[in-house]
Amino acid sequence: MLTDENLDRLPALGHEARIEALLPHANGLLRFIVPLPSSSPFPEALATSLLSRSLDFYRTLAWYGLRSHISATSSEPLFRLGQYVLSEECTSSRLRRSWLGVLEAWIKCAQDPHHTTPSHDIVWSQVVGWNWSQDVLDLRSRLTGEDVDTWAALWKTEAAWLEGSGINAVRAGEAEKITAIAVMRGGFEHGLEKRVVDTVGLRLQDTLNSLSTTTFVLEQWRDTARYAGALSAVLRLWLSCLPPPSAGPLASPPFLLPFASISALCARLTTHPLWDRLQQADVPSYAAVFP
Numbered sequence: 034m035l036t037d038e039n040l041d042r043l044p045a046l047g048h049e050a051r052i053e054a055l056l057p058h059a060n061g062l063l064r065f066i067v068p069l070p071s072s073s074p075f076p077e078a079l080a081t082s083l084l085s086r087s088l089d090f091y092r093t094l095a096w097y098g099l100r101s102h103i104s105a106t107s108s109e110p111l112f113r114l115g116q117y118v119l120s121e122e123c124t125s126s127r128l129r130r131s132w133l134g135v136l137e138a139w140i141k142c143a144q145d146p147h148h149t150t151p152s153h154d155i156v157w158s159q160v161v162g163w164n165w166s167q168d169v170l171d172l173r174s175r176l177t178g179e180d181v182d183t184w185a186a187l188w189k190t191e192a193a194w195l196e197g198s199g200i201n202a203v204r205a206g207e208a209e210k211i212t213a214i215a216v217m218r219g220g221f222e223h224g225l226e227k228r229v230v231d232t233v234g235l236r237l238q239d240t241l242n243s244l245s246t247t248t249f250v251l252e253q254w255r256d257t258a259r260y261a262g263a264l265s266a267v268l269r270l271w272l273s274c275l276p277p278p279s280a281g282p283l284a285s286p287p288f289l290l291p292f293a294s295i296s297a298l299c300a301r302l303t304t305h306p307l308w309d310r311l312q313q314a315d316v317p318s319y320a321a322v323f324p
């Protein structure tokens, strides 16, 4: 049965054969994507949950290079879904994260379509044509400083777009990077993104300081992974904005990040006793795969 728990842990199952066994469910879940929550026969909260979980399922398949053609065969309902996610009507952070997650996975598939099954299941020209990168940047205006998980998902998806542009676009994605930097730089220097990054850093520091080294507390481990994952996402985004090494020395950074405090947090994290705790009998094995 496809439950919330095993959908979340599908990537950790570790064997493609198990994923392929779930493929017969793929087309059936499209019925939860075609109608928007506002027009679904189910109550809106249930419809939103079913839609989010279906997108998560397609994201998991895409990480294995499977069923990414759904992005093309269902392009019209996915376009309507994108418009809904960007609208005031959508109030579900969970749905926004699921939408961003599946876009990231499909963009990664399109970077090298020879690695999908079958090959060329999705290609870069389609990603460009669907204008997902602009949708992702537009979503910024709908987020608040408390939407840490959604910001992290947004940064990962935009990074995937810029990484793919570096491989497939003209001049190693120079134009795409300039466009993204122009949109994001102000936010990271004196706007909402700066506030989110600063908040994440402080919360990660507090979480590491309070993380028990004698008792396994699930929420503490989840929070550590959550905030560390958000910092990882913004660092990936920063790196994706860089020109290729062949372009020579960097004249200026794409945008400002508090590298001194991030470096201190990385040092604290890598030397934290939590890594020794992972080997102890009372810590469940799934603790190592958060978030």
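For our numbering, count along the sequence shown from 1 and bump the result up by 33. Think of the CB as a built atom: it goes at the ideal place given N, C-alpha and C, for glycine as much as any other residue. Note that the structure is a prediction, hence the values are computed from the model and not measured.
Range covered by the alpha helix (DSSP H) that runs through residue i
| i | result |
| --- | --- |
| Tyr117 | 108-118 |
| Asn242 | 225-243 |
| Arg204 | Premise fails: Arg204 is in no alpha helix (DSSP H) and is neither H nor E. |
| Arg100 | Counting along the chain, Arg100 falls outside any alpha helix (DSSP H), and DSSP gives it neither H nor E. |
| Arg301 | 292-303 |
| Cys142 | 126-144 |
| Ser158 | 157-163 |
| Tyr319 | Tyr319 -> no alpha helix (DSSP H), and no H or E assigned at all. |
| Thr150 | Counting along the chain, Thr150 falls outside any alpha helix (DSSP H), and DSSP gives it neither H nor E. |
| Phe90 | 77-96 |
Which listed residue (the options) has its alpha carbon closest to that of residue i
| i | options | result |
| --- | --- | --- |
| Gly98 | Glu137, Asn164, Ser294 | Glu137 |
| Asn60 | Thr106, Phe75, Ser72, Pro76 | Thr106 |
| Tyr91 | Glu77, Leu56, Ser125 | Leu56 |
| Ile211 | Gly224, Gly220, Leu195, Ser243 | Leu195 |
| Ser279 | Arg204, Phe75, Val135 | Arg204 |
| Phe292 | Cys123, Gly234, Leu225 | Gly234 |
| Thr93 | Phe112, His58, Pro110 | His58 |
| Thr150 | Ala95, Arg173, Val67 | Ala95 |
| Lys227 | Ala208, Leu241, Trp188, Thr240 | Trp188 |
| Thr246 | Pro276, Gly224, Thr232, Gln313 | Gln313 |
| Phe249 | Leu114, Ser265, Leu311, Gly206 | Leu311 |
| Gln238 | Cys123, Asp182, Ala300 | Ala300 |
| Tyr319 | Ile295, Leu275, Trp254 | Trp254 |
| Leu176 | Leu63, Ser243, Arg127, Leu244 | Arg127 |
| Ala266 | Val216, Trp165, Leu290 | Leu290 |
Integer-rounded CB distance, given that residue j should sit under 8 Å from residue i
| i | j | result |
| --- | --- | --- |
| Thr190 | Ile140 | 7 Å |
| Ala263 | Ala185 | 4 Å |
| Ser125 | Asp89 | The pair is not a contact, with the Cβ atoms about 13 Å apart (cut-off 8 Å). |
| Pro287 | Ile214 | 5 Å |
| Arg269 | Ala192 | 5 Å |
| Val169 | Leu111 | Not really, about 14 Å apart at Cβ, beyond 8 Å. |
| Glu209 | Pro276 | Not quite, the Cβ-Cβ distance comes to about 12 Å (not below 8 Å), so this is no contact. |
| Trp163 | Ser108 | 7 Å |
Assigned exposure category for residue i - 16 Cβ within 10 Å defines buried
| i | result |
| --- | --- |
| Pro70 | buried |
| Gly219 | exposed |
| Ser152 | exposed |
| Gln144 | buried |
| Phe221 | buried |
| Tyr260 | buried |
| Trp308 | exposed |
| Thr303 | exposed |
| Asp256 | buried |
| Thr36 | Interpretation of Thr36 is limited by its pLDDT of 42, a score under 50 that renders its predicted location unreliable; no figure is taken from the coordinates. |
| Arg42 | Residue placement at Arg42 is poorly supported in this model, since its pLDDT is 46, which falls under 50; the coordinates are not used for a value here. |
| Thr81 | buried |
| Val160 | buried |
| Val230 | buried |
| Arg129 | buried |
| Asp182 | buried |
| Gly197 | buried |
| Asn39 | The predicted position of Asn39 is uncertain, since its pLDDT is 45 and thus under 50; a value taken from the coordinates is nonetheless stated next. Flag for Asn39 reads exposed. |
| Val322 | exposed |
| Ala45 | Caution applies to Ala45, whose pLDDT of 42 falls short of 50 and renders its modelled position unreliable; the value that the coordinates give is listed next. Classification of Ala45: exposed, given that the 10 Å Cβ count is below 16. |
| Ser104 | buried |
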